[in-house]
Amino acid sequence: MVHFVGAGSGAPDLITIRGQKYLQEADIIIYAGSLVNPELLKYAKSECEIFDSAKMTLEEVIDVMLRGESEGKMTVRLHTGDPCVYGAIREQMDILDRHGIQYDVCPGVSAFCGAASALNLEYTLPSVSQSVIITRMAGRTPVPDMESIESFAAHRATMVIFLSTGMLEELQKRLVDGGYSPDTPAAIVYKATWPDERSYVCTVETLAKTAKENNVTKTALIIVGDVVTHSKYDRSELYNPAFTTEFRQASK
Numbered sequence: 001m002v003h004f005v006g007a008g009s010g011a012p013d014l015i016t017i018r019g020q021k022y023l024q025e026a027d028i029i030i031y032a033g034s035l036v037n038p039e040l041l042k043y044a045k046s047e048c049e050i051f052d053s054a055k056m057t058l059e060e061v062i063d064v065m066l067r068g069e070s071e072g073k074m075t076v077r078l079h080t081g082d083p084c085v086y087g088a089i090r091e092q093m094d095i096l097d098r099h100g101i102q103y104d105v106c107p108g109v110s111a112f113c114g115a116a117s118a119l120n121l122e123y124t125l126p127s128v129s130q131s132v133i134i135t136r137m138a139g140r141t142p143v144p145d146m147e148s149i150e151s152f153a154a155h156r157a158t159m160v161i162f163l164s165t166g167m168l169e170e171l172q173k174r175l176v177d178g179g180y181s182p183d184t185p186a187a188i189v190y191k192a193t194w195p196d197e198r199s200y201v202c203t204v205e206t207l208a209k210t211a212k213e214n215n216v217t218k219t220a221l222i223i224v225g226d227v228v229t230h231s232k233y234d235r236s237e238l239y240n241p242a243f244t245t246e247f248r249q250a251s252k
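FYI, in this note's numbering the residues of the sequence shown are 1 to 252.
See below:
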């Protein structure tokens, strides 16, 4: 059995109870060493084999999984955040399917959730934004043409942008070209929930300047939208005394 486990956004105590249990039981752990907090490996038993996938190809990762399966061992594939977001897990699952190997996924706390906690931010403020767009800039891995930064920016919804810290000058230009005003609130969150977490509130037009001034070059999320500065919003109807719900009648 192979368990794909979300390691969480950085802090070792943000892994789920199920994920921790899998780490404690694993015979083999393959972890994304460039991003996963190594403190999580302390949950592993002493005889557990540990592999750093940052130094491996997909084929080498699969070879370790196949060997583990042939030896009747339990393998944990430990991904950063939640595996479903930029985790490259589908290609692994498809190969395991071809070999008839069972697997499951244990969700984790995504970095975009960790970044919100760093800013005490709510992504979905009534009358401000009810949608969150998670995306990235095109780099060595392309982005579909219909998912350009400009096309998403036209919605003026909240945007969370992964894997783009090294391209902030281009990013801010494309955000403005797409429809955000230059003074739209933005934030840079470096290593959300890690001990060395840092966060900076700025504007779309000062993203690159803010990152340069604070020496942020990678491992950061960009958040764009009025929710960053907790702009004027409507109160929740769910807790409004004049609003009837399934569990409570409105007061007169």
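Think of the CB as a built atom: it goes at the ideal place given N, C-alpha and C, for glycine as much as any other residue.
Strand pairing of Asp137, partner residues [DSSP]: The sequence given here has Met at residue 137, not Asp. Looking at the DSSP assignment, Met137 forms no beta bridge with any residue, so it has no partner.
Rounded to whole angstroms, what is the Cα-Cα separation between Met65 and Val2? 7 angstroms
Three-state secondary structure assigned by DSSP to Phe162: strand
Residue range of the alpha helix (DSSP H) that Phe152 falls in? Ile149 to Ala153
Buried or exposed, going by whether 16 or more other CB atoms sit within 10 Å of the CB of Met146? exposed
Within 10 angstroms of the Cβ of His99, are there 16 or more other Cβ atoms? Answer buried if so, exposed if not. exposed
Just reading off the beta strand (DSSP E) that Ile222 is part of, what are its end residues? Ala220 to Val224
In the DSSP assignment, what are the bridge partners of Tyr190? Bridge partners of Tyr190: Arg198 and Ala220.
Which residue comes first and which comes last in the alpha helix (DSSP H) that contains Ile17? Ile17 to Glu25
Compute every distance between the C-beta of Ser164 and the non-hydrogen atoms of the ligand SAM, then say whether any falls below 8 angstroms. In the structure on display, the ligand SAM does not appear, and there are no ligands present to speak of.
Is Asp177 buried or exposed, if buried means 16 or more other CB atoms sit within 10 Å of its CB? exposed
Compute the Euclidean distance between the alpha carbons of Arg77 and Ile17, then round it to the nearest angstrom. 16 angstroms
Within a Cβ cutoff of 6 angstroms, which residues of the same chain sit near Ser53, ignoring the five residues on either side of it in sequence? Ile30, Ala32 and Val61
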